[in-house]
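According to my numbering, the sequence shown is numbered sequentially starting from 30.
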Amino acid sequence: MAQVVRGVIARAKGAPVEVVPVVVPDPGPGEAVVRVQACGVCHTDLHYREGGINDEFPFLLGHEAAGVVESVGAGVEDLSPGDFVILNWRAVCGRCRACKRGRPWYCFATHNAQQKMTLEDGTELSPALGIGAFAEKTLVAAGQCTKVDPAASPAAAGLLGCGVMAGLGAAINTGQVGRGDSVAVIGCGGVGNAAVVGSRLAGAGTIIAVDVDDRKLATAQRLGATHTVNSRAVDAVETIRSLTGGNGADVVIEAVGRPETYRQAFYARDLAGTVVLVGVPTPEMKLELPLLDVFGRGGALKSSWYGDCLPERDFPMLVDLYLQGRLDLDAFVSETVPLDGVEEAFARMQRGEVLRSVVVF
């Protein structure tokens, strides 16, 4: 029988979010209902509210979440009520050409629940990234649920569902940072600072954090950056080169998603180095680079989708590192807020006051 829960929706472009009753249907074949315990306030949710993703309003916001499986639909065999899970927005299909080539982290046919959650008047909701977890319960595809050790804090573990995984994966999976490498991270919000942590986990020797906000740079230093650069005060490219023997960094991770910062990343890398774009650009942005420079500098220019993660592989491993005290996910939780605190959390995020606000149920 369908349930009615409280959830946060964006009803129209730019309008303040609202807490409203949301109807959650019973899970159908291949689906699961999850009782959400915690959900991070991610910049992507703000993009949805501002119409920056698409115009399929109203949106049920929230996607960076952990919780407990309440019920499952027909045909679900590897998930049971009571399982503690992190929700992911790239449930791999196992059948597309990427999956068949043994590269499921590139799955081209990721899927979501078939049924829709609705308002009480029957209006269908578009769940953010196919999840919609600013709600007491949510309906997802069973493949979007990744079981992890229930000893983990839901507020910390849920952050692996998006931003922290994107940054960690940009360093470890996409950039393939190795022991002794030099790394520069441009943009030190939640994703960029996660890239700093990922670079440290991978054994990088030099980790240079670049931002225009000294508060974010201080956080990056606490999380493992060996050097910080305020690019308002100095030339970021020249400073990165000076900190790497005049050569540039082996891996440069761009976590802003703007042409200006991408150009910085391109010219701040060593010959044959790697640039990783994990910052999300907007549709109108254009990039212009001399093609001869692209050819002459060699190396690799990569985009990182969700940190090129495979949730069933990466989430349990990272939660284990967290429980061993080797990965400080708690450091990313700046504050916990109630469900009706999302709008104010957006404002604090825009002012750069937090790494992550987390809604705790």
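We put the CB at the ideal spot given by N, CA and C, even for glycine.
If you run the structure through DSSP and keep just helix, strand and coil, what is K166?
Here residue 166 is taken as the residue at index 137 of the sequence shown, counted from 1. Residue state, collapsed to three classes: strand.
Over the uninterrupted beta strand (DSSP E) stretch that includes V101, give me the two end residues.
Sequence index remark: in the sequence shown, residue 101 carries index 72 (1-based). Where V101 is concerned, the enclosing beta strand (DSSP E) stretches over E93 to V101.
Let me check understanding here. Comparing Cα to Cα, which of L316, M378, G370 and S363 lies closest to G36?
For the purposes of this step, residue 36 is taken as the residue at position 7 of the sequence shown. With distances taken between Cα atoms, G36 lies closest to G370.
Along the alpha helix (DSSP H) that carries C68, what are the first and last residues, could you check?
For the purposes of this step, residue 68 is identified with residue 39 of the sequence shown, where counting begins at 1. Careful: C68 lies outside any alpha helix (DSSP H), inside the beta strand (DSSP E) at E60 to G69.
Short CB-CB distance (under 8 Å) between C191 and chain D:
Considering every chain present, this structure includes no chain D. It has just one protein chain.
Where do the ends of the alpha helix (DSSP H) carrying C217 lie?
The sequence position of residue 217 within the sequence shown is 188, counting from 1. Careful: C217 lies outside any alpha helix (DSSP H) and carries neither H nor E.
Determine the DSSP secondary structure at S271, reduced to helix, strand or coil.
For the purposes of this step, residue 271 is taken as residue 242 along the sequence shown, with counting starting at 1. Looking at S271 - three-state DSSP - the assignment turns out to be helix.
Assuming G327 and A301 are in contact, meaning their beta carbons sit under 8 Å apart, how far apart are those beta carbons, in whole angstroms?
In the sequence shown, counting from the first residue as 1, residue 327 sits at position 298. In the sequence shown, counting from the first residue as 1, residue 301 sits at position 272. G327 to A301, Cβ: 4 Å. Contact.
Express the C-alpha separation of R78 and T365 in angstroms, rounding to a whole number.
Within the sequence shown, numbered from 1, the residue matching residue 365 stands at position 336. Within the sequence shown, numbered from 1, the residue matching residue 78 stands at position 49. Going from the Cα of T365 to the Cα of R78 covers about 21 Å.
From the DSSP secondary-structure annotation, give me the bridge partner or partners of T235.
Walking along the sequence shown from the start, residue 235 turns up at place 206. DSSP, once it has assigned bridges, lists S211 as partnering T235.
Measure from the alpha carbon of S109 to the alpha carbon of each residue in N202, V266 and V62, then state which is nearest.
On the sequence shown, residue 109 is found 80 positions in, with the first residue counted as 1. When each option's Cα is compared against that of S109, the closest is V62.
Where do the ends of the alpha helix (DSSP H) carrying Q379 lie?
Counting from 1 along the sequence shown, the entry for residue 379 is found at position 350. Element bounds for Q379: V371 to Q379.
Whole-angstrom distance between V387 and H92, CA atom to CA atom:
If you number the sequence shown from 1, residue 92 lands on position 63. If you number the sequence shown from 1, residue 387 lands on position 358. Distance between the alpha carbons of H92 and V387 is about 11 Å.
Please state the DSSP three-state secondary structure of I336.
The count along the sequence shown starts at 1 and reaches residue 336 at position 307. What sits at residue 336 in the sequence shown is Gly, not Ile. It is helical.
Is it a yes or a no for the segment 330-347 touching the segment 173-180, going by three-plus beta-carbon pairs under 8 Å?
Yes, the segment 330-347 touches the segment 173-180.
DSSP state of G80 mapped onto helix, strand, coil
In the sequence shown, counting from the first residue as 1, residue 80 sits at position 51. G80: coil per DSSP, three-state reduction.
How would you call T311, buried or exposed, if buried means at least 16 neighbouring beta carbons within 10 angstroms?
Numbered from its first residue, the sequence shown carries residue 311 at position 282. Label assigned to T311: exposed.
Alpha carbon to alpha carbon, how far is A213 from R229? Give it in angstroms, no decimals.
Taking the sequence shown and counting its residues from 1, the one referred to as residue 229 is at position 200. Taking the sequence shown and counting its residues from 1, the one referred to as residue 213 is at position 184. Rounded to the nearest angstrom, the two C-alpha atoms are 12 Å apart.
Which first and last residues belong to the beta strand (DSSP E) in which Q32 is found?
If you number the sequence shown from 1, residue 32 lands on position 3. Segment Q32 to A39, the beta strand (DSSP E) holding Q32.
Please work out which residues of its chain come closer than 8 Å, Cβ to Cβ, to L350, disregarding the five sequence neighbours upstream and downstream, and give them in chain order.
Walking along the sequence shown from the start, residue 350 turns up at place 321. Hits under 8 Å: L230 and L356.
Sort out for me which residues DSSP pairs H140 with in a bridge.
On the sequence shown, position 111 is the one that residue 140 refers to. A120, per the DSSP bridge assignment.
Straight-line gap, D84 to S100 (C-alpha atoms, nearest Å)
Here residue 84 refers to the residue found at position 55 when the sequence shown is read from its first residue. Here residue 100 refers to the residue found at position 71 when the sequence shown is read from its first residue. Using only the alpha carbons, I get a separation of about 31 Å.
Assuming V305 contacts T147 (C-beta within less than 8 Å), just tell me the rounded distance between them.
Walking along the sequence shown from the start, residue 305 turns up at place 276. Walking along the sequence shown from the start, residue 147 turns up at place 118. That pair is no contact at about 39 Å.
Roughly how many angstroms lie between the CA atoms of L197 and N276, to the nearest whole one?
Locating residue 197 in the sequence shown gives position 168, counting from the first residue. Locating residue 276 in the sequence shown gives position 247, counting from the first residue. The straight-line gap from Cα to Cα measures roughly 24 Å.
State the DSSP-derived secondary structure class of C394, mapped to helix, strand or coil.
Any question about residue 394 goes unanswered here, given that the chain covers just 30 to 390.
Which one or two residues does DSSP pair with P156 in a beta bridge?
Here the question's residue 156 lines up with position 127 in the sequence shown. Partner(s): L89.
Check whether the Cβ atoms of Q32 and V46 lie closer than 8 Å to each other.
Within the sequence shown, numbered from 1, the residue matching residue 32 stands at position 3. Within the sequence shown, numbered from 1, the residue matching residue 46 stands at position 17. Contact flag unset, no.
Considering only their Cβ atoms, is the gap separating I201 from G227 smaller than 8 Å?
Against the sequence shown, residue 227 aligns to sequence position 198. Against the sequence shown, residue 201 aligns to sequence position 172. Going by C-beta atoms, G227 is nearer than 8 Å to I201.
Contact under 8 Å by Cβ, Q66 with G96
Counting from one through the sequence shown, the residue named residue 66 turns up at place 37. Counting from one through the sequence shown, the residue named residue 96 turns up at place 67. Cβ distance < 8 Å, so Q66 and G96 count as in contact.
Could you give the first and the last residue of the continuous beta strand (DSSP E) run that contains R298?
To locate residue 298, count along the sequence shown from 1; it is residue 269. For R298, the enclosing beta strand (DSSP E) begins and ends at R298 to L306.
Taking DSSP's pairing of strands, which residues face K331 in a bridge?
The sequence position of residue 331 within the sequence shown is 302, counting from 1. Paired residue(s): V305.
According to the neighbour-count rule (16 or more other Cβ atoms, all chains shown, within 10 Å of its Cβ), is S182 buried or exposed?
Reading the sequence shown from its first residue, position 153 is the one you call residue 182. When all chains shown are included, S182 counts as buried.
Do L89 and L158 have their beta-carbon atoms positioned less than 8 Å apart in this structure?
Your numbering for residue 158 matches position 129 in the sequence shown. Your numbering for residue 89 matches position 60 in the sequence shown. No.
Given that a residue counts as buried once 16 or more other Cβ atoms are within 10 Å of its Cβ, and exposed if not, what is N209?
Reading the sequence shown from its first residue, position 180 is the one you call residue 209. According to the sequence provided, residue 209 is Gly. The question's Asn does not apply to it. Result: exposed.
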